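Student:
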Amino acid sequence: MEQRYVMGNEAITRGAVEAGVKVAAGYPGTPATEILDRYVDYPDVHAQWASNEKVALEVALGASLAGVRAMAVMKHNGTNVCTDILMHLNFTGVSGGLVLISADDPGGLSSQNEEDSRILVHTYANLPVFDPSSALEAKAMVKEAYILSESTRMCVALRPVMRVCHSRAIIPFENYNPADAPSARWTDDRERYIMSAVEIRELGGIKRPQARHRWLNAKYREIQALFEDSPFNSIEDGEGDVALVGCGIGYSYVKEAQAIIGSRLPVFKLCTLPIPIDRTLQFLKGKKRVVVFEELEPVVENLIKGLCQEHRIDVDILGRSGFFPSDGELTVSTVIDAVKKAAPSLENHRLPEVRRLSIDIPVRTRTQCVGCAHRALLYNVKRVARKRKGIVFGDIGCHDAGAFKPLELQSTIYCMGSSVPMATGAFFAGEGRPVFSIIGDSTFFILGSMDSSTGPTRGRPRLSFCVTTAPLR
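Reminder that position 15 of the sequence shown reads as 6 in this note's numbering, one-by-one numbering, no gaps.
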């Protein structure tokens, strides 16, 4: 069996290929971009960049209903965009295996915000989520996700974070035969696939959405029971009544922290949602304090707190809700500090000395590439806007570097496509100052072209906006 040293994103792609994926669709965005990129090596898979994340999930859903295994790829911001279809497919279920990749970016290393997509996908949509602790595990989880999806007829999500997507590891490339993948076969199931508020007499006249919601709740409980035996959840015995829970990449940090400080506290590796109830209760027995390490919100922490309250278990459950910061990404240092704080016997343990740099390295500010054609355009917009005291609304793309020194042009940057409608709102507020919007070419065709139609209304002149296009290479 061949082994390769690859990024976590390529490991995810390879896992899907070995599982027999036939259709993959997505929208680019760090840290998820390379997942779809790597399908270029697999011509038997139809892979396409969609016009946005909602369309990507709809393409993947259509392929799934036609009976093949499909994948939708996006970053956490894109999961927000596809919420509409997400909150319907969870009620209908799927046919062929469907896996949603929602890559999170704790710390906002390459995003305009940080958010935990587990809340949207699991807490709101009630879909199962795998949270990988490493690149190797991400590959294994993708293959397991397809099996789970087809056995339960549910869409299954994989939520790798930046440090999993962009880490590298030695990954086994197992043999596969594209001919072994499930073939397309449409099964007409109007009771499931037509989402409409019609009454179902067999269920006492309730509306179909309520009936499908009832089905979803039953499937959630079924999956929760299946996760009791998941290989991605395991209990590691240790010493003492203080214990640690590691979720996703948090588990890797816990293992490294324990090795550094020499502690042997019990550890519960918990990398699935929903969490397995019986195994969690087993882990809580005899514990006085449990610290949960997860990215980014206290999702698992709150679920464990709910179990303790329901089963009258007196254990302090600590974590992102205040025991350590609820913002930013976890680090090994964060975990070490929290472990020493939770276990007084480890407070006096001293970490190895780290040599400090003899000089301060200059901070590299964000700037545009040398020779970028955007520079001249943004500079001239700056001249006009300054002369007329205009307001410049920015958008997402490399042109947002114009918001920083030396230009400091844009006054706002929110999300894709927001520049044009925000400029519209400011224009009709009536202050009288001219407004501009800076929007990238991709975003313009996806969202801005529709948003710009709000400009010429009620006899007012159209807003000024410019579309920046990356130079050809």
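Each residue gets a CB set at the ideal place from its N, CA and C atoms; glycine is no exception. Please read all numbers here as calculations on a predicted model, not as lab measurements.
Around the Cβ of isoleucine 437, are there at least 16 other Cβ atoms within 10 angstroms (buried) or fewer (exposed)?
Tutor: buried
Student: Taking only runs that begin and end inside the region 358 to 441, name each unbroken alpha helix (DSSP H) of 4 or more residues, in chain order.
Tutor: 365 to 378, 410 to 419
Student: Could you compute how far the alpha carbon of aspartate 95 sits from the alpha carbon of alanine 63?
Tutor: 15 Å
Student: Considering only DSSP beta bridges, list what methionine -2 is partnered with.
Tutor: Arg159
Student: With DSSP run on the structure shown, which of helix, strand or coil describes arginine 280?
Tutor: strand
Student: Which residues in the same chain as valine 306 place their Cβ atom closer than 8 Å to its Cβ, once the five residues preceding and following it in sequence are excluded?
Tutor: Leu275, Lys278, Lys279, Arg280, Val281, Cys299
Student: Run through the DSSP bridge pairs and tell me what glutamate -7 is partnered with.
Tutor: Per the DSSP secondary-structure output, glutamate -7 pairs in a beta bridge with Phe164.
Student: Might you give, ordered along the chain, the residues of its own chain that have their beta carbon closer than 6 Å to the beta carbon of arginine 158, omitting 5 neighbours on each side?
Tutor: Just to set this straight, residue 158 is serine in the shown sequence, not arginine. Gly(-1), Ala126, listed in sequence order.
Student: Between the beta-carbon of leucine 89 and the beta-carbon of leucine 111, is there less than 9 Å?
Tutor: no
Student: Drop a sphere of 10 angstroms on the beta-carbon of leucine 348, count the other beta-carbons inside from all chains shown, and report buried for 16 or more, exposed for fewer.
Tutor: exposed
Student: Between the region 216 to 231 and the region 180 to 191, do at least 3 Cβ pairs fall closer than 8 Å?
Tutor: Taking 8 Å as the limit for Cβ pairs, the verdict is that the region 180 to 191 does not touch the region 216 to 231.
Student: Give the range of the beta strand (DSSP E) segment to which asparagine 224 is assigned.
Tutor: 224 to 227
Student: Please name the residue in His37, Arg377, Val330 whose C-alpha comes closest to that of glycine 253.
Tutor: Val330
Student: Are the Cβ atoms of tyrosine 18 and glycine 69 separated by less than 9 Å?
Tutor: yes
Student: Could you pull out every residue in the same chain whose Cβ sits closer than 6 Å to the Cβ of histidine 472, ignoring the five residues on either side in sequence?
Tutor: In this structure the chain extends from -8 to 464, so residue 472 is not present and cannot be described.
Student: Tell me which same chain residues have a C-beta within less than 7 Å of the C-beta of serine 93, skipping the five on either side of it?
Tutor: Met65, His67, Thr70, Ser108, Val112, Ala148, Arg150
Student: Helix or strand or just coil, what does DSSP make of threonine 21?
Tutor: coil
Student: Let me confirm a value: isoleucine 138 is counted as buried when at least 16 other C-beta atoms fall within 10 Å, else exposed. Which label applies?
Tutor: It counts as exposed.
Student: Which two residues bound the contiguous alpha helix (DSSP H) that contains leucine 78?
Tutor: Checking the sequence, you will find methionine at residue 78 rather than leucine. DSSP places methionine 78 in the uninterrupted alpha helix (DSSP H) bounded by 74 to 83.
Student: Could you check how far apart the C-beta atoms of alanine 7 and alanine 41 are, in whole angstroms? I think they sit under 8 Å.
Tutor: Contact flag wrong, Cβ pair sits at about 17 Å.
Student: According to DSSP, simplified to helix, strand and coil, what is tryptophan 40?
Tutor: strand
Student: Measuring alpha carbon to alpha carbon, tell me which of Leu287, Pro257, Thr263 ends up nearest glutamine 273.
Tutor: Pro257
Student: Whose C-alpha, out of Tyr244, Ile304, Ala394, is nearest the C-alpha of serine 324?
Tutor: Tyr244
Student: Buried or exposed: glutamate 230, going by 16 or more other Cβ atoms within 10 Å of its Cβ?
Tutor: exposed
Student: List the whole-angstrom C-beta distance separating glycine 385 from threonine 358, where the pair is believed to meet the contact cut-off of C-beta under 8 Å.
Tutor: About 15 Å separates the two Cβ atoms, so there is no contact after all.
Student: By Cβ distance, which residues of its chain are closer than 7 Å to glycine 11, with the 5 residues on each side in sequence left out?
Tutor: Arg60, Asp171, Ala172, Pro173
Student: Quick check on DSSP: helix, strand or coil for leucine 252?
Tutor: The displayed chain sequence assigns isoleucine, not leucine, to residue 252. Helix at isoleucine 252.
Student: Any idea if valine 189 is buried or exposed, counting beta-carbon neighbours within 10 angstroms, 16 or more meaning buried?
Tutor: exposed
Student: Quick one, which of Pro316, Phe435, Met413 has its alpha-carbon nearest valine 426's?
Tutor: Met413
Student: Reducing DSSP to helix, strand and coil, say where serine 102 ends up.
Tutor: coil
Student: Using alpha carbons as the reference points, say which of Leu368, Val383, Leu235, Leu369 lies closest to alanine 333.
Tutor: The candidate whose alpha carbon is nearest that of alanine 333 is Leu235.
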